[in-house]
Structures are given as structure tokens and as C-alpha cells.
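Protein chains in written order, with the working numbering: chain Z, 717 to 1053; chain U, 1202 to 1498; chain B, 79 to 572; chain F, 7 to 315; chain D, 5 to 330. Note that the Cβ used here is the ideal one computed from N, Cα and C, for glycine as well. First comes the structure, then the notes that go with it.
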Amino acid sequence: MDNKIENRLLEIRNLKVIYKTDSDTVCAVNGIDLALDKEQTLGIVGETGAGKTTTALSILRLLPQDIGEITEGQIIFEGKDLISAKESDMRKVRGEKISMIFQDPMTSLNPVLTVEQQLYEALELHNTQNKSKSQLEARVDEMLELVGIPKNRKREYPHQFSGGMKQRVVIAIALACSPVLVIADEPTTALDVTIQAQVLAMMTELKNKLGMSMILITHDLGIVAQTCDKVAVMYAGEIVESGLIEDIFESEKHHPYTVGLFGSIPNLEIETDRLSPIDGLMPDPTNLPFGCKFHPRCPKAMKICSRRTPPKITYGTHNIVCHAFTREDETNEKRRR
Amino acid sequence: MTQEANAVAIEKKYAKKSQIKEIWRRMKKNKLAMIGLAIFCILVAMSLSADLIADYQESAIKQNGSLRLQPPSWEHYFGTDQYGRDLLARMVHGSRVSLSIGFFTTGISLLIGGILGAMTGYYGGIFDEIVMRLMDILLSIPSILLAIAIVSAMGPSLLNLLIAITISQIPGFTRIVRSTVLTVVGEDYIEAARACGSKDFRIITNDVLPNAIGPIIVQGTMSVAKMILLAAGLSFIGLGIQPPQPEWGYMLSEAREYMRDYPYLVVIPGIAIAISVFSINLIGDGLRDALDPRLKN
Amino acid sequence: NETPSNGTSGNENPLIKDTGQVVISLATELQTLNTFAMQNIVTNECISNIYDTFLNVADDGTIIPNVAESWEWIEDENKYRFKIKKGIKFHDGSELKASDAAFTFNLMMTEYKAYQAATANQIKEVKLVDDYTVDVYLNNPSANFLYLCAINVKMYSEKAYNETDKYKDTVISCGPYKLVSYDPTIGVELEAFEDYHGDIKPKIKKAVFKIIPDANTQVVALETGELNLSRNFAMIALKNIKENPNLDFYSHPCGLVNFIQFNQRDNTIEPLKNKKVRQAINYCFDKDFMIQVAEEGMAVPARSVANQGMFGYSERIPYYEYNVEKAKELMKEAGYENGFKFDAIITRDGKDKKIAEIALENLKAIGIETTVQVVENNAFIDDLKTGNFVMASSHLNLNSDGDNAMDVISITGSVPFSGINDEWIEEQNKLQKIELDSKKRFDILESILVRTGEEAYFAPIYYPKKSYAITKGLNITGYDKFVGVQLKYLEWAE
Amino acid sequence: MYRYVIKRLLLLIPILLGVIFIILFIMSFTPGDPASLLLGQDAPEEAIVQLNTEFGYYDPLPVKYVKYIFNALHGDFGLSYRTQKPVFGEIIKRFPVTLELAFCSVILTALMGIPLGIISAVKKYKPIDMICTSCAMVFASLPRFWLGLLLILFFSVKLKLFPSNGVGSWRHFVLPVFTLAAPTAANILRLTRSTMLETIRQDYVRTARAKGASERRIIFKHELKNALLPVITALGVEFGMLLGGAILIETVFSMSGISTLMITSIRMKDTPQVTASIIFFAVLVCITMLIVDMIYAFIDPRIRSKYIK
Amino acid sequence: MKQMKKDDDNRKPLIETVNLKKYFNTPFGLLHAVDDINLSIDKGKTLGVVGESGCGKSTLGRTILRLLPLTDGQVLFDGENILGYDKEKMRLMRQKMQMIFQDPYASLNPRKTVFQIIAEPLIVNRIYGSRNEINDRVLFLMETVGLAERFINSYSHELDGGRRQRIGIARALSMSPQFIVCDEPVSALDVSIQAQILNLLMDLQERLGLTYMFITHDLAVVKHISDEIAVLYVGQCVEKAPSKELFRNPIHPYTKILLSSIPVPSLKSRISEREIIRGEVTDPINPKPGCRFAPRCKFFKPECLSEDLSLNEVKPNHYVMCKLFG
Ligand SMILES: Nc1ncnc2c1ncn2[C@@H]1O[C@H](COP(=O)(O)OP(=O)(O)OP(=O)(O)O)[C@@H](O)[C@H]1O
Ligand SMILES: Nc1ncnc2c1ncn2[C@@H]1O[C@H](COP(=O)(O)OP(=O)(O)OP(=O)(O)O)[C@@H](O)[C@H]1O
Ligand SMILES: [Mg+2]
Ligand SMILES: [Mg+2]
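Listed below in C-alpha cells is the structure:
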């Protein structure tokens, strides 16, 4: 067990987020708990609409104004609750302590500002040590070098860069102020495989070099396997399974949803004639099923699943939220240890 | 027979959700648009029932020397004009002309511009090039001047005014339709239709136009308002409406001399124009928002 | 001078800003600065201050000397011998000689023949006799040649005309005012010509003609003192102007006549060929209401297309007063008891249109159904010329010689748009043109006008007055019937 | 870049050829002939024929067209029938009025429309937004000429604050400029508001927020430049249209600018003047649009690189 | 005997491209989107086409279906060159060749109901006379692709991506085509849905004997579904081999890198060093002669650029376009 208090960087407790649209209310995140230690990488996987991005945006309090709203929960970062923090304090956290890399590099850079201006801005905003202009500019060059962009191209505009390079600029911006935590929201989904490999390799390298923690949001289990230390599987705004990377990839016991996810991807190593995906679709987030949210699609669904919210069963570092596993299993496991 | 019944049954069971209903639902939420629609309905009702409100021959046309330039009173709610005609009657009857000018010119120019725009946008190539150059030429003459020149050439009359305004609006519509069609033509479902072997005409009418129609309708609505203003402007400088037919712009133009001492003569038709344009603009805005897919949820 | 002086001396009027100058409105920009190429009343009102006429007309219609100080008719040679007044100065300081007069006549006969046909066509040749004598040979003896010399022949300076660009940008003549500047966006600036030879010396030092097309705006400008004299103010403002202690009103009769004409070309329109129908129409028009609406009362009902002061006009001309009953009766007699329908009354925008609109209503009362069609000036003239109309509401600015009315009435005149074909009138017209005895000529003209009235060839509506709204303190000491109030007649009260 | 400019200017040639043809075509249909209009209704027929022949009025349309183009290529656009002066001289005399009017209105439009639009967008659905947008809606619905009349009635007639007509001092321009600018400013306000709301949704704005930028900075540094692009086009188009003359406004305020000239010329069948005026206008509009595109390229590097490559 | 004959039939390629070229005219020069590609697909088989974004995969598919006019080359369907076909013949041809599009959101007309979309090909090709027959056929197709009857009058925007893609498939199937170009039919979908669609496509192939050209950039998917794989790079086919062979024994340096770039969802490969490629894809506008991968290739030798390369058969059925390994 490595959840010693001094090592804990971020802890999310019972977070609930809703989106209010003019016709109905979307329950995007329904009480999730997450914890992340220093220098750890947490992977969040899940289908479209599971609430991954919402969780990430909640941490930075960047939910769309007037629509997204955190209704409950705490986000404790370095011992302070971010949800009750003042907006001006949040601004200091953003970019300086926690920064975020968004999914689409094509649109996350401002088309009318040069790469240098955008990178410089990030530094200038958090210039706590009152560095001079030339120092900041030197830092811009350094950051570009770090992500592998020749500094003579810094006066160019985003559209003159390829997708991979843009994503690297976005990464450079995110890392400019050496934050403690980087949240990467599907950073490579929009990129080609070869470029994706480049970017991921670079991110992991930088993360280790700079000693940061990272939350990596993705729906590619391959990426998770390659980069993460901990994994959380999200489904319909809830975390259905979480644990260390080994727990998810090598343990015997799994939430049926996780099983389905693995069954859905064609495996390069094992020959399969047919895939064994999960049937059905994600539930409507405005009208979630009662009890276990997954039960309508679950091949092992029992009567109780539609009646009662499943308990969280813990096997050491491995948590599963499912009726199929009982408290007894949990205690047996403990005893065995 | 049973199959027939079956098909009908299925259709009934899973009745189409009308998209118009959907748009209407969204539009209903927009208070301003509903206000606009209400005002507009009142205006239309007013112009339809003009004959009930005041007799055309007796009140709107007939001159009466003893009633010249009477200020608003209980007998004449809006007063009388320089010929002693009742202003309310003229305004109500004028609404018929003004509103129908707006709709008629927009309708025809939208039709012609729509056909041209859809063809040029869909086919592209040399045809597009030629038509668009032609439209460029027409566009480089200010539309109001073009209208004035055409009316001068053909002689002022309501019909010629309509023709002139229509012609002067065609290039604008062609452009708008063309650009919306261009965005639609780039979509995959057009390619899909082609892959099915649909003919061009069918693709244009079944796939391209229904998808381009939203922005075009919005433009059209806004254009009705613009046309009412343009027609009023042209009547104001004495082109178009022939006396003693009442039309708002023309009423303004006639009233202009009397403006200093009888301001109600210009205020009333002006407000009539402004209100109708205002309501149509509100509807147009509302429609645009209702049709905007990004606001869908 | 109709201006009553009620104790307030001019300088106390807050609207008087500078007694050295007057600001006058100009309803349109000038057509041209060259008077021979000009056909427009507004332009004439402005530039006739710059040009001086060859002869002058007295109030009673007699011709009096101006640039030419004397003349004689030499019957054998069919010519006039004019003696030019000595010592007349052009605006550039040079002296006016007979050669300039000859040049002026020649210019009229050559370059501006198209514009000045009425006068130019009468002249056969012009010969210079000496520095101050010029002979003008005519084609035929002419009754109105001298009159035309007084209203149409304006003095040109030979040297200046040839040196400048044919008076497109500047003018040098010998009138009471000289041109300082002209800008089509602002207006005209004139300055008194100190060496003016005439009897009435210009008293106002500087005159500015400001372009203000809108009649209402002119009233506003008067009230704010931006304007001292307005000729085209909105008539509806008359009451305000009369009530305003700082403004004054002045009016005088002029050559204008508003009328409705019928198309009487051979067989084109059946009912209009019927005299009774024409009379009925004449009776049905409510002239007073027309005057009320179009002129706010500032006009008198007309008897004839000839204006009131015209040579040949008299009270013997029949007058059709407003009488619907009589009109209906006449329609019945003519066999149109149930009325008839015809195309449209064509007219131009403005007062003519108002008249037409009321006419429409009046005609309806006797069963004649029609509409009004307002057309552009060019289309209007085109329609009149080609006979493509039934009735037209129109107006003309006629000079005070009876021959000008004949231009409209006679089929051989220059404005024969009605297409009246009356042999008797044609005969009489030929006689009047060469009748040099003015008494006899008057009788001929009068008889023609009376016949025109009896036959109801036209429907004369009214004679408008020329009206002026002025800043109180600005006195008008006279006017020219044809041109109106000229600058030389203006002066500020002491 | 300059190659692009030249290409754009060359594109003007076919447009001008077309415009000339259309004008000559329409003008050939207008009733009446120039001579009768000039000489008045009492001129004798032969004089009219003579003058018309001088003007080339009886030439068939193709001949007129070719002659016109031929002369135009020699720099001769003819004399105005009405004033007998070179047509461009007449235009140039009136152009300053129109230019001043157009320029001031566009500036005023931008000064009123853009800031209020930004405020509306930033304070979306707050009372100030409601006030701004509904006022804009009302102003955008007013007929301009009517607004002009009302302003004259109020400010000139009643309050006597501003002159109601003519040109001369800056005070003459106050009312017409405001009349022209108010409805357009209303439209610009609405446009600015909607493009701002559009950009607020963009991902790069979120990126900027994630950097820790303040709202102010986000608005002025990140949103504004992007949001202003369509607004600039709209202003450019408006400016172009105004250069062609604000016909009704020039009429209402009795300002003799280009459009008064054009209307008079159309009515007087002064074909050389009409044609020249419209050529002048077309060239101006084209140049304006070119300048707008340049500004566009200046602001938006994506477009700039399109021209440069 | 019977078996033999069937085999013979199968060996005959259904679709073949001969020196297929498609160049686009752009302001900056000729864009070689598809440059001299020779492929053939046997009846009932699936050809997987992989490659990076912009390498010309979609263009290849669209030119084969003649949705784009091609620059040069031939497309043979059942041995017949379809390029010579006139409009009417082509329309008939289209019934045999269909396409499933990448984006299930953009490829369905938002103004049409599911019924209208699926019935469209039936109506325009006048396959059925009565409305009833069409109705039945549509219902049958919906059942085939696993769409519940109740969606028949829904609009596509009311449905999720998976269902939309099923509509697209039903539309492609409506005229019982023999050959279908699947242009990244699953890349816009979620993993679980993706697997459902892949299963569906494979079932259909089995049941209806369809021939697929399957375009994707997901190597795991392509391996799963294809019999043969063609790797495209900047408009050219750089390697072509049976699926297993390609994964077991990639030869072209680009293919190797491509394969090693895939993140594998298992912890075993976590430790192993992955080969990371440097640099970006070459500009397809007016490419230089020689190997187009050369600028990114770590084995690069000057002679790679000397002349244009061709596809060589290194092993039976395994073709490679490379100077060094070919
Ligand atoms: N601005 C918004 N307004 C309304 N609903 C929203 C909004 N943003 C997200 N949602 C809804 O909230 C739920 C969770 O969305 P979220 O973006 O967090 O999912 P995600 O797991 O990141 O999905 P993806 O993998 O597609 O990025 C979804 O059902 C989505 O429809
Ligand atoms: N209509 C067109 N006009 C000009 N260039 C085009 C056109 N269509 C495609 N291209 C270009 O051709 C090249 C190949 O495009 P294509 O769409 O075939 O790539 P792709 O391999 O399908 O890419 P992706 O994986 O992104 O779908 C690209 O560089 C593209 O920019
Ligand atoms: Mg997301
Ligand atoms: Mg593609």
C-alpha cells in the first residue's frame, strides 16, 4: 500500500458533475473517487461519454460556464480543496501547478498567434520569480528544444505545423511552468500511429525527467498498458474498476465491463475469429438506469443488479464495483494476504 | 393486402418525428422570436382584414377637403393626411402592399437565385465561373442604383418596382445559396448518394437543397425585412407605387413636406415599417437559432 | 414692397448675421453656367444675375433700352439697327463693343441654335456696322423679336468666351453680379459688380446661393438664419413663416401656369374629341381644393394656358367654375351619362402629381374612371411628344408675350403636345406673328385665347404665385415677371 | 503577395466590361432622349436630332459599346450630357463628400458596434446584454431615411443643434453620419456578439484558460482577433456600399455626393455620367474589398500564407 | 469436383487495378494522391489497406468506385474495364460496388429517415416496383444489420454512432453488391461498438460472399479482418502480402516501424524497446523520384533516390517496394 499521506498529490472524493442544458440535465460524473501520488501516472479509460473529460475539466474548474456544475464532492490537491478555491487562486493553479493537454491539437492552439507568443504567454502568466523578458524567451527556446521543435520555427503560426508538431507545442505549453500534475486528455487520438508513438514516448520521457504526475485519459488500452502505473475504468460517470496496472491487465477478477473492453479489441498476438464485444450501447446520461449502471448490457447481470447500487470490493490495490463479487471474497483475499 | 396493411401499420407505429415540429419546439423557447411572430401575425391579420377595418374606396382613397390634416382624434385614430384621407385606413391598406412586396420579391429572387446558386454550387466548373462572374458584375452595381436604373428604364409602377428589386437581389441570393450548397456538396452523404447511382437532379433536390435550406430560409426571412425597407426607400424617392394607392414608403414620401407641422404623418408609417421589419428580423433570428445544429441537444 | 415695417429695425432681427450678404436657397445644383445652354428655372434664377440682357421689358410690356440704347426697324431690308450703349464694362474690365453683341447673336445662331431656336430661327444674318452699331437681319418681319431680345439674348464677351472653356467653369458678362465660385456640392457665390452700367445698382455686396433641394430643410434653414431667402420652401410652412416675427413673406405673379391637357390628336381618343366632354371635365375640377393642397392657397384659378399678365390675356376668356352638376349634365348631353374609362393621367412628381390626384377624384364624380401614373421627367416628355397619353397634368413657365401661349396651342408651335387641330386658330396665329401693330395683335391673340377657352381645349388649373420666404429686414424692391426676384432688387433695411 | 493584388486588379477588367454593357443596355431602355431633356419640351425637332446625333444617341447598342470601350481605353470617358464637362471631373468634385460620409460612418459604426458587441457577448444573458441586443434589434429595423427625418425633426427643427442639410463644417455631418451608422452599428453589434460567442466555444480559448489566463486577457488577446474577422468583412462591405452612395441619406440631408449625381444622371439619361460613376464605384468597391482582404491576411496568418506561398 | 470448380472461381480476382493514378490539381502543384497502384482482390476475400493519414487510402477507394475521375490506369471488375462505361452502364455497375463511409455522422443525410436512406438506392435504381416490396426489403436489411424495426422512421441524428454505421452498412447492402469499399468504417466508433461492427461485417461476408476492400489505419483491426494487406505510403503501395505473412515477416522499413508503433494492450511488451520513427510524412505534391520513405528511413542510402521503384515479389505473394530489402 503506497497511499501514504505525504505522497498523495491529488484526491478526488465523491465528485458529482451535471450539465444543465435547456431541455434536460446530464449526469456526467456520478460520485467518483480517485487518488494520485506524486510522480505517478493514472490512466482513465472508458467509452465515449463516460465522463472522462468532465472529470479532468472539473479538476481545473474549467467546465463550460453556466452549463457544467459540480454538485458535490471534493478535489483535494496538495492538501487544499480546489472546489471551494477562489477563482483568482484557481488561475494560479492552472498552468502553474496543474496543466492540461487537450485532445485535438488542430484546434487547441490559437490560429492567429505565433507558437512563440502562445508559449511565452504561459510563462509570462506564471512569472513568479520576476524573470526578465530575455530569460523567458530563453525558456521558450528551451521548451521547444525539449519537445523536439527547432527553435528557428518558433515565429511560425500553428497552421504551418503538422498535427504531431502542434501536439508537441501543446505539450510544451503544458510543461512550460513545470507543473506538478499534467492532465492529458486523449493526447494522441487525433494523430497517426507513428506520430502517436513519437508523442507518447516523448511524454513519458519528459514526465520522468521532470518528475511530474500525470493523468492520462484515453480509450486505447494499448496506450494504458505502455504508460500508466494506475488505471481507472469509467463507465457512465462512475469508476467501475481501478487499481495498479498489473491489477487490471493481469489479475483474474474483473468487472464485466472491463472484460468486455478487452474482448472488443482485436489482439495482435492471439488469433481470434470473432471478437467478443459488449452488447448494446452506453445508457442515456440524462436517464441512467437504477442500480448498477452497467446491468442492461451485462452478460452476468443478476436480479439484484437492477435494484441496488453495487458495493466497492477491494482486493488490496484493486477495486471492483460489482455485485458479482461479494464481501466474502474481499475478506478472503485480505486473509490470504 | 396483408402486407400493405403491415407496411401502413409499421409506419403508423413508428411515426416520423417531424423536423418542423422540432424546430418549432426550439423556437417556442425563444421569447423574442415568439414576440416577433405574434407581432407579425397581428400585422398579417391586419392586412388581411383591412377591408373590415376601413373601406378602401371610402377611407383610404377618397379625398375630403374639409378634413385636411386633422391630428389624431377619436374619429381618426391616426389623423388625416393632406387630402383628408384617414391615415389609419391608409396604413392598414398600405400594409398589404408593403408586406407583399417583401414576400414577393424575396420569393422570386430566392427562387431564381436558389436555382442558379444550387446549379453553380453543385456542378462547379465553367458554368459556375460564368454565372458567378455575371453575378460579380451585377453585384458591383449598388443594388439600390440598379433598381433605380431599372425602374427608370421601365417606368415606375408597382410591377416594375417588384421586377427591379427582384433583379437586384438575385446576385446576393445566388451567392448565399451557392456557398451553403458548396458546404453541403462537400459532405459525405452527397458522395454516398452518388455511389448509389442517384441522378444529379435527384441529388440536388433530395439531398443538397433540404440540407442547405436552413441558412437559406433564414437569409430569406431577413431578406423580406430588407426588401420592405428597400421598397419603402424606393417609393420614398418616388419610384414605384402610383397614387393614390397607399404604401408605407410612399406615404412617408408624401408626408415629408408636412413633417414639420404634422409629424404624425411621418411617424406613423415609419413606425409601421419599423415594426414589421423588427418582427420579421426577430423571427429570422429565432429561426437561425432554432436551426443551428450546435444548439441542438 | 409688401414688407410691412412694424417698428423693428432690421438689425434687431437675430437672424440677420451679415448685412453685407444674403444667402439664398438653390433647389438643385446648376445645370450649367452657360445661359444659352440652359433650360431650367432654378439655374436661370441664379445666373441671370450675372448676365445682362440685350434689351429690357418694362412692367407694362413695352421694350426699353438696356445694352442696346436705341434701335430702328428698317422695313425694306427687314432688319433692326441697334446702337450699343457706350462705356459698358464686362466683369473682367474690358469694354462691351458691338462686336460682342454680334458675337452673342452669332453664338446663338450657331453653337446654341438647338437651345435658342425661338430667337435664332428668326435671324438671317448679323452685320457689324461700327464699334457701337450692329445690324440684325430677320427672315420675316416679327412681332416678338424685340421681346425675345429682352428675355433671351444675354451678353457674352467674345474675348472671354474664346479664352475660357465656353463658360463651363466661369462666366464673364456685364450683369450686376459677378461669379466668384461655383461648387456643385455647395453652391454659387456672387459678388456685386461695382461698374454695373444699369440704373438699379446692386446693393447687396455678396450673395451665396446654397444648394438645399429639400423644401422643408429650407424652412428650417430660414428659421435658424442659415438662409435669408427661400424660393422653394415648403408651402405648408406658410403659416409658420407668417407667424414668425423674424421672417417675412413676399409673393408676386409670374409666368407659371398649371394645367391638364387632353390628347386631341386625330381620332386617338373618342370622348375627348367631344367638346362637351372637355367642358364637362373643365367644370368638374375643384380648382380651389387643388390650390389648397398643392399651393397652400398661394395661387389663383386659371382661365387659360396663357398666364394672367400675358399680352393677349383678358377677362373675356371664359372661366369654368367648379360645378359638378353642370359637368354631369354636359356628360349626359355628350352621350356619356354613364361615364367612361381611360388609361391614366400621366404626370411628374411634385405639385402636378397632387393636381392629378385630385383630378382623379373629381373625374370619378362625373363617372370617368382613370388612374394616375407618375413618371420620370424624360418619360413624361417622351409620352407627350409621341402622343402616348390621354390626359396629362403639367405646368409651363411662359413669358409675357402671347406668342409663347401659341407655342402650346397651335399645332405648329414648339410645344404642340395636345395636338389641337383648329384651322381658324392656325390662321389667326399666322397673322399675329407678323402683325407689328400692338393693338391689332392684342385683339388677334385675345380672340385665339377666347376660342381656346370656349372649345375647352385645355383644362387650365391655376396660376401659382412666386413666393418667397425671407428674413425680416431684407426688402424686395421689385421683380422680373419671367425670372422672379433678382439680386439687384434686394436690400437690407437700414 | 503583389502578384495576388495584380491578379485581383486584372479581374476587374471583365467586370468593368460587363458593368459598362449592363449600364449602356439599361440606359438604352430609359425613355426619352438626352437632347429633349437638355433643350426642354419646347425645343424644335431638328435641334433635338442634331444634338442627339452629336451625342451618338442614335448609334445601335453594340456600336455605342465598342465606341465607349475604345474611347475609354484612350482615357476618354466622355462629357456629361448635362453639364458638358468631363465626367470624372464631376465625380471627383462630389467624391470628398461621399468619402467623408462613408469614412465617418464606418468609423462610428465600428466604435459603437464592436465594443458593445463584445460587452454583450461577455455579459451574455445579463441585463446589459439584453438592453444592447434589443436596442440593436430596434435600430436595425428602422428605415434609415426615416431615422434621418426624425433626427432632423428633433435635432434641427426642435433643438436647432445641428444643421439639417448641406455640407461645410463637421456639424453638417453629425446627423447623416449618425443616421447611417446607427442601423449598421446595430448589425455589427449583433455580428460581433455572435462571433464572440462562437470563439468563446473554441478549444484554444479553453487552452488559454487552462494556462491560467485572466478573462480580460482571454477576451482581448485570444478571442478578439479571431472574432473580428467576419466583422471586418462586414465593415468593408458596408464601406464599399457607402462609397457607392447613401442615396436616401444624401437625399434626406441634401448632401450632393456621388449618389445624388448618379440619380440626377440616371433621371437625365446622362449615360456617360452614369457609366463613369458606376465604373468608379465598381473600382472603389473592388479596391476596398482588396484592402479588406489584406487586413484579413494581416490578422489571420492562415490566409496570409495562402497568398504568400 | 464441385469443390475444385469453386476454388477456381475464387482465384479469379473480382477487382483489379492496373497502374491506377489519381493526381489532384492544387494551387501549389500536382498532388500525387494515388500513384501507380496495382492491386487485385479475389472474390470473397478482404484486402486491407493501411497507411498514415493523407497517404491516399480514401482516394484509392473512391477512384475504384469511379466516384472520382482518375488520371490514368484501369479498374477491372470481373476482368472488364469499367472506365469505358457510359453513365447508364455505370449506374448498373454501381449496384455491384458499394461503399461504407468513415464518418457515420457525415455520410447520412440528416434530413432523411432511416427508411429513406436505406430505400434510396432501391428507389433510384428502380429495383422494386411497389412500395411494399421496398418496405419489406428495408425491414429485411435492417434486421440483417441488427437495427431494431422501431428506428425505421427515426432521423439519423437521433441515433448513436454504432446504429448510424449500421444504417450505412444496410444502405451499402441494399442492392446486394458483390464488392464493398469500407473506408475506415470503425475508426470513428468506440471500441465496444467497433467490435460489434467488425463482427457484423465479417458475418455478412461469410453469409453473402462479399468482397471487401477495407481501409483503416488501425493495424490490429486490419489484421483481424483481412486476408491480404497493402501498405500505402504517399500514394504508393510499398508492401503487399497476406495478412499473417505481413505481421510475421514485415520487410519494408516503413512497415516494420508501423508495426512496432502499435501500443499493445499487454504488459509484456511494455519493457521492450519500441522503434520510434522521426520526421513527418513527405509532401505528396510533386514528389521526388525514388523511394518516398527515404527521408525518414534509417537505412537510407543515396541510391534509394536514383530511380522510381517498383513492387517486387520477394516471396510468393509477398511484394515489397524497396531498393535495399526488396
Ligand atoms: N457542454 C456539455 N453540455 C451538455 N452535456 C455535455 C457537455 N459536455 C459533455 N456533456 C455530456 O456529459 C457526458 C460526459 O462527457 P465527457 O466529455 O466527460 O465524456 P468523455 O468520457 O470525455 O467522452 P469522449 O471519450 O468522447 O471524450 C456525456 O454524456 C456528454 O454528452
Ligand atoms: N478533392 C481533393 N482535392 C485535392 N486534394 C485532395 C482531394 N481529396 C484528397 N486530396 C489529397 O489527397 C491526399 C490523399 O487523401 P486521402 O483522403 O485519400 O487520404 P487518406 O489516406 O484517406 O487519409 P485519412 O486517413 O486522413 O482519411 C491528401 O494529401 C489529400 O489532401
Ligand atoms: Mg473526452
Ligand atoms: Mg480517408
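Beta-carbon spacing of residue i, residue j below 8 Å
i                           : j                        : result
lysine 431 (chain B)        : valine 452 (chain B)     : yes
proline 874 (chain Z)       : lysine 867 (chain Z)     : no
serine 178 (chain D)        : leucine 145 (chain D)    : yes
alanine 1413 (chain U)      : threonine 1381 (chain U) : yes
leucine 107 (chain F)       : leucine 167 (chain F)    : no
glutamate 435 (chain B)     : proline 1445 (chain U)   : yes
phenylalanine 132 (chain B) : valine 145 (chain B)     : yes
The beta strand (DSSP E) enclosing residue i, as first and last residue numbers
i                        : result
asparagine 746 (chain Z) : 741-753
alanine 49 (chain F)     : No beta strand (DSSP E) contains alanine 49 (chain F), which DSSP labels as neither H nor E.
threonine 934 (chain Z)  : 929-934
valine 112 (chain F)     : That residue, valine 112 (chain F), is in no beta strand (DSSP E); its alpha helix (DSSP H) goes 93-128.
Near ligand 5: residue i beta-carbon under 7 Å from a heavy atom
i                     : result
glycine 996 (chain Z) : Absence of ligand 5 is noted for the structure shown, with ligand 1, ligand 2, ligand 3 and ligand 4 being the only ligands found.
Partner residues on chain U for residue i, Cβ-Cβ distance less than 7 Å
i                           : result
leucine 69 (chain D)        : Ala1396
phenylalanine 367 (chain B) : Gly1266
9 Å Cβ cut-off: residues of chain Z touching residue i
i                      : result
tyrosine 302 (chain F) : By Cβ distance, chain Z contributes nothing, its closest Cβ being about 11 Å from tyrosine 302 (chain F), past 9 Å.
Residues bridged to residue i [DSSP beta-bridge criterion]
i                         : result
tryptophan 1275 (chain U) : Per DSSP, none; premise fails for tryptophan 1275 (chain U).
serine 471 (chain B)      : B:Ile338 and B:Thr425
histidine 970 (chain Z)   : For histidine 970 (chain Z), which the question treats as bridged, DSSP gives no partner whatsoever.
tryptophan 151 (chain B)  : B:Tyr158
Listed by chain order, chain D residues near residue i by CB distance under 8 Å
i                      : result
arginine 869 (chain Z) : What arginine 869 (chain Z) touches in chain D: nothing, since even the nearest Cβ is about 13 Å away.
Interface residues of chain Z facing residue i [CB-CB closer than 8 Å]
i                       : result
histidine 228 (chain D) : Pro982, Thr988 and Leu991
First through last residue of the alpha helix (DSSP H) which encompasses residue i
i                        : result
aspartate 901 (chain Z)  : Looking at the DSSP string, aspartate 901 (chain Z) is not in any alpha helix (DSSP H); the run it does join, the beta strand (DSSP E), is 897-901.
threonine 1384 (chain U) : 1359-1386
alanine 372 (chain B)    : 365-373
Chain F contact residues for residue i, given Cβ-Cβ distances below 8 Å
i                       : result
arginine 1457 (chain U) : Leu155
Partners in chain F for residue i, counting only beta-carbon separations shorter than 9 Å
i                     : result
valine 1200 (chain U) : Nothing about residue 1200 (chain U) can be reported from this structure: the residues present for chain U run from 1202 to 1498 only.
Per-residue contacts from residue i into chain U (C-beta, under 8 Å)
i                      : result
threonine 36 (chain F) : Ala1350, Ser1353 and Ala1354
Proximal chain Z residues relative to residue i, where beta-carbon distance stays under 7 Å
i                        : result
isoleucine 261 (chain D) : Thr910
Closer than 7 Å at the beta carbon, the chain F residues around residue i
i                         : result
methionine 1460 (chain U) : Leu155 and Leu159
Worksheet item: In the segment 280-309 of chain B, which residue ranges form an unbroken alpha helix (DSSP H) of at least 4 residues, counting only runs that do not cross its ends?
Response: Correct list: 293-302.
Discussion item. Please give me, in chain order, every unbroken run of the alpha helix (DSSP H) with length at least 4 that falls completely inside the segment 429-478 of chain B.
Written reply: Listed in chain order, they are 429-443 and 455-464.
Practice prompt. Could you name each continuous beta strand (DSSP E) segment of 3 residues or more that falls completely within the segment 770-801 of chain Z, going from the start of the chain to the end?
Written response: Listed in chain order, the beta strand (DSSP E) runs fully inside the segment 770-801 of chain Z are 784-793, counting runs of at least 3 residues.
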